[in-house]
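Line by line, the protein sequences are chains C and U.
Just so you know, the first sequence maps onto residues 0 to 288 in numbering that gives the first Met the number 0.
Just so you know, the second sequence maps onto residues 0 to 161 in numbering that gives the first Met the number 0.
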Amino acid sequence: MLPSPFEFERPSTIADAVRAVGESGDGMFYSGGTELLLAMKMRVIHPDRLVDIKGIVGLDRIALNDANDIEIGARCTHKKIASDPVIREYVPALSSLCANVANVRVRSVGTIGGNLCFGEPHADPPTMLAALDARLVLIGPSGTRVVHADDFIRSELETVREPDELLTVIAFPRPTGPVTYRRFKHGERPSVNVAMAWSLGAGGRTITSARVRVGALGSRPQLLKAVEDALQGISVAEVRPAIEAVLPTALDELEVNEDRHGGADYKRHLAGVLLLRNAEEAIAAGGSA
Amino acid sequence: MTHVLPISFSLNGQAIAIEVPTHTLLIDLIRDRLGLKGTKRSCDMEVCGACTVLLDGEPISSCTTLAVDVDQREVTTIEGVTPSDGLSRIQKAFVLHGGLQCGFCTPGFIMAVTALLKATPHPTDEQIRHYLHGNLCRCTGYTKIFEAVRSLAVEQVSEDAA
Numbered sequence: 000m001l002p003s004p005f006e007f008e009r010p011s012t013i014a015d016a017v018r019a020v021g022e023s024g025d026g027m028f029y030s031g032g033t034e035l036l037l038a039m040k041m042r043v044i045h046p047d048r049l050v051d052i053k054g055i056v057g058l059d060r061i062a063l064n065d066a067n068d069i070e071i072g073a074r075c076t077h078k079k080i081a082s083d084p085v086i087r088e089y090v091p092a093l094s095s096l097c098a099n100v101a102n103v104r105v106r107s108v109g110t111i112g113g114n115l116c117f118g119e120p121h122a123d124p125p126t127m128l129a130a131l132d133a134r135l136v137l138i139g140p141s142g143t144r145v146v147h148a149d150d151f152i153r154s155e156l157e158t159v160r161e162p163d164e165l166l167t168v169i170a171f172p173r174p175t176g177p178v179t180y181r182r183f184k185h186g187e188r189p190s191v192n193v194a195m196a197w198s199l200g201a202g203g204r205t206i207t208s209a210r211v212r213v214g215a216l217g218s219r220p221q222l223l224k225a226v227e228d229a230l231q232g233i234s235v236a237e238v239r240p241a242i243e244a245v246l247p248t249a250l251d252e253l254e255v256n257e258d259r260h261g262g263a264d265y266k267r268h269l270a271g272v273l274l275l276r277n278a279e280e281a282i283a284a285g286g287s288a
Numbered sequence: 000m001t002h003v004l005p006i007s008f009s010l011n012g013q014a015i016a017i018e019v020p021t022h023t024l025l026i027d028l029i030r031d032r033l034g035l036k037g038t039k040r041s042c043d044m045e046v047c048g049a050c051t052v053l054l055d056g057e058p059i060s061s062c063t064t065l066a067v068d069v070d071q072r073e074v075t076t077i078e079g080v081t082p083s084d085g086l087s088r089i090q091k092a093f094v095l096h097g098g099l100q101c102g103f104c105t106p107g108f109i110m111a112v113t114a115l116l117k118a119t120p121h122p123t124d125e126q127i128r129h130y131l132h133g134n135l136c137r138c139t140g141y142t143k144i145f146e147a148v149r150s151l152a153v154e155q156v157s158e159d160a161a
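In structure tokens, the structure reads:
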């Protein structure tokens, strides 16, 4: 089906883009359109104006900054992130994640910012970015604010972003230990995914802290606090029994939607399997660090 | 109210200047206004790959691309990679290996393989499977398509060696 008619603007600055959305009745930022146009074709949403951000210089930049944060411009395509040398060196798990989002056509034009802003629960990047403790920079008419990835997605297809706030940059500390990500999927979207990021102490034998997120099960990525607590301060060699001791209870506490991807018990089981496989990979990576 | 914008782009090497409603999809511009019917619409949601065209050499789903977004860019369709006097070597490989039956998905596959071989002239088996994962075929069971693409990868390796 065709989308409803809309105005199309191509601003060259963030300020003009924010103004162009704010001035319209129901305007939206637009880049790859891989999620947005699908919803518009289904007439689920019908913006009266699309504001194309592809002409704004700098929103597709990837860099390691002076504060040792990795910054990813919000309109970087999955393809760009997958092949970027900075991401490949410091967060190869994110590179690999982006190399496997949806299909090659979606990766050509779909952006990481668009993916986050859509708030689709069955998505790859939000889970990993939450595990990486990413901060999202939003610029709106009244200035700039920073939102943690954990707080960004509110519920299914809903985020804390105001319509005229543009997500510009995603930043996270350069990982100081192994980052792992696994998903299980039937079609193109993950049914369950698990991301884990460890900070390792000197020598790489002790976990100083761990962040564990499970995605696609509920309305947004969820924290596995019991697992994080169990991993804190232990040696890499003790990881498996430490996780197994708390895993059943931790999985039971997850919010799980039963849907065509499977029943709740099945999905919890999958989450546990993926988590333990991530741990095996991290142990191998940590041991060699 | 319909909003119309002028766009200029290259379609299979030919300069096109045309006015399009902003909500026109690329596939409709190509098929219905410019008359190139080789690009197929199937799932209409970026999953099947039948509508694949190349935008500046990259594969995209023309069913979910705005026509206004190709302004000042290069679009290549199946007509653009088909020689006037026959078939390209990719098309010949599909014929030779039986990589098609009904043929509806074939233009999309040919475009995807064109982009794959340009980026990676000698893809491994895994790279072929990964790249073509997003093109669906309901006839062949994929094995024959895979064999066709693999023959091209191998053929290029032996040509380079010679």
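Yeah, the Cβ is synthetic: ideal placement off N, Cα and C, and Gly gets one too.
Keep in mind it's a predicted model, so treat the numbers as computed, not measured.
Have a look at C/Val193 and C/Arg182 and give me their C-alpha separation to the nearest angstrom.
-> A straight line joining the alpha-carbon of C/Val193 with that of C/Arg182 spans about 6 angstroms.
Contact list for the region 94-116 of chain U against chain C, Cβ threshold 9 angstroms = Answer in chain order: Ala111, Ala114 and Leu115.
Every unbroken beta strand (DSSP E) within the region 41-123 of chain U, with a cutoff of 3 residues, ordered by chain = List check, beta strand (DSSP E) in window: 51-54, 57-60 and 73-75.
Identify whether C/Lys40 lies in helix, strand or coil by the three-state DSSP scheme.
-> It is helical.
Can C/Tyr265 and C/Arg173 be called in contact, C-beta distance under 8 angstroms?
-> Not closer than 8 angstroms, so no.
Are there 16 or more other CB atoms within 10 angstroms of the CB of U/Asp68, so buried, or fewer, so exposed?
-> Counting C-beta atoms within 10 angstroms of its own C-beta, U/Asp68 has 16 or more neighbours from the protein chains shown and is therefore classed as buried.
Backbone CA spacing between C/Asp163 and C/Phe151 [nearest angstrom] | C/Asp163 and C/Phe151 have their alpha carbons spaced roughly 15 angstroms apart.
Flag this pair as yes or no: are the beta carbons of C/Leu58 and C/Thr167 separated by less than 8 angstroms?
-> Between C/Leu58 and C/Thr167, the C-beta gap is smaller than 8 angstroms, which places the two residues in contact.
Buried versus exposed, by CB contacts within 10 Å (16 or more), C/Asn99 | Per the 10 Å Cβ criterion, buried.
Sequence ranges, alpha helix (DSSP H) only - wholly within the region 188-270 of chain C, length at least 4 = If we require 4 residues or more, the alpha helix (DSSP H) runs fully inside the region 188-270 of chain C come out as 224-230 and 238-251.
Using a Cβ-Cβ cut-off of 8 angstroms, state whether C/Gly32 counts as contacting chain U.
-> Between C/Gly32 and chain U, the shortest Cβ-Cβ separation is below 8 angstroms.
Nearest to C/Ser30 by CA position, among C/Lys53, C/Ser23 and C/Asp15, is which residue?
-> Of the candidates C/Lys53, C/Ser23 and C/Asp15, the residue whose Cα lies closest to the Cα of C/Ser30 is C/Lys53.
Proximity to C/Ala92 [Cα-Cα], best of C/Pro10, C/Gly176 and C/Ala241 = Nearest C-alpha to C/Ala92: C/Gly176.
Give a yes or no on whether 8 angstroms exceeds the smallest Cβ distance from C/Gly190 to chain U.
-> The displayed chain sequence assigns Ser, not Gly, to residue 190 of chain C. Taking Cβ atoms only, chain U never reaches closer than 8 angstroms to C/Ser190, which makes this a no.
Compare the C-beta of U/Pro82 against all C-beta atoms of chain C and say whether one is closer than 8 angstroms.
-> So, not an interface residue.
Roughly how many angstroms separate the alpha carbons of C/Leu36 and C/Val136, rounded to a whole number?
-> Between C/Leu36 and C/Val136, the C-alpha separation is close to 24 angstroms.
Per DSSP, which residues does C/Met27 bridge with? Please list them.
-> Paired residues: C/Leu49.
Using a C-beta to C-beta distance shorter than 9 angstroms, which residues of chain C count as neighbours of U/Thr1?
-> Result: Pro4.
Can you tell me which of U/Leu10, U/Glu57, U/Asn134 and U/His22 puts its alpha carbon nearest to the alpha carbon of C/Ser107?
-> Taking only the C-alpha atoms, the option nearest C/Ser107 is U/Glu57.
Could you spell out where the beta strand (DSSP E) holding U/Val19 opens and where it closes?
-> Here the beta strand (DSSP E) through U/Val19 covers Gln13 to Pro20.
Note down, in chain order, each residue of its chain lying with its Cβ closer than 7 angstroms to the Cβ of C/Arg204, except the 5 sequence neighbours on either side.
-> The beta carbon of C/Arg204 sits closer than 7 angstroms to the beta carbons of Ser234 and Val235 from its chain, once the five residues preceding and following it are set aside; these are given in chain order.
Cut-off 6 angstroms between Cβ atoms - residues of its own chain near C/Val85, not counting five sequence neighbours on either side = Setting aside the 5 residues that flank it on each side, C/Val85 is surrounded in the same chain by Ile61 and Leu63, each with a C-beta closer than 6 angstroms to its C-beta; the list follows chain order.
Could you tell me if C/Glu243 is buried or exposed, where buried requires 16 or more neighbouring beta carbons within 10 angstroms of its beta carbon?
-> C/Glu243 is exposed by the Cβ-count criterion.
Beta-carbon neighbours of C/Glu187, restricted to chain U and to distances below 8 angstroms = Those are Val46 and Gly133, listed as they occur along chain U.
Report the option in C/Ala241, C/Ala229, C/Leu253 and C/Thr207 whose CA atom is closest to the CA atom of C/Leu222.
-> A check of alpha carbon separations from C/Leu222 across C/Ala241, C/Ala229, C/Leu253 and C/Thr207 identifies C/Leu253 as the nearest.
Candidates C/Tyr180, C/Val255 and C/Glu6: which alpha carbon is nearest C/Gly24's?
-> Taking only the C-alpha atoms, the option nearest C/Gly24 is C/Glu6.
Contact set between U/Leu24 and chain C, taken where Cβ atoms lie within less than 9 angstroms = Near U/Leu24 (Cβ distances below 9 angstroms), the residues of chain C are Leu1, Pro2, Leu36 and Lys40.
Step through the CB atoms of chain U and report whether any lies within less than 8 angstroms of the CB of C/Ala288.
-> Annotation note: pLDDT 48 at C/Ala288 (below 50); position unreliable, no value reported.
Mind checking which residues open and close the beta strand (DSSP E) that includes C/Thr167?
-> Taken as a continuous stretch (DSSP letters only), the beta strand (DSSP E) holding C/Thr167 covers Leu165 to Pro172.
Which bits of chain U does C/Ala107 rub up against, with CB to CB less than 7 angstroms?
-> Correcting the residue identity first, residue 107 of chain C is Ser in this sequence and not Ala. The contacting residues are Glu57, Pro58 and Ile59.
Give the straight-line distance between the Cα atoms of C/Ala81 and U/Ser83, rounded to the nearest whole angstrom.
-> Taking the straight line joining both Cα atoms gives about 37 angstroms.
May I have the straight-line CA-CA distance separating C/Ala303 from C/Pro124, to the nearest angstrom?
-> A question about residue 303 of chain C goes unanswered here, because the residues of chain C that appear run from 0 up to 288.
Look at the alpha carbon of U/Asp43 and the alpha carbon of U/Val3, and state the distance between them as a whole number of angstroms.
-> U/Asp43 and U/Val3: Cα-Cα distance of roughly 23 angstroms.
Roughly how many angstroms lie between the CA atoms of C/Thr76 and C/Thr110, to the nearest whole one?
-> One alpha carbon belongs to C/Thr76, the other to C/Thr110, and they sit about 4 angstroms apart.
Any idea what DSSP makes of C/Ala133, helix, strand or coil?
-> C/Ala133: coil per DSSP, three-state reduction.
Three-way DSSP call (helix, strand, coil) for C/Glu155 in this model = Three-state result, C/Glu155: coil.
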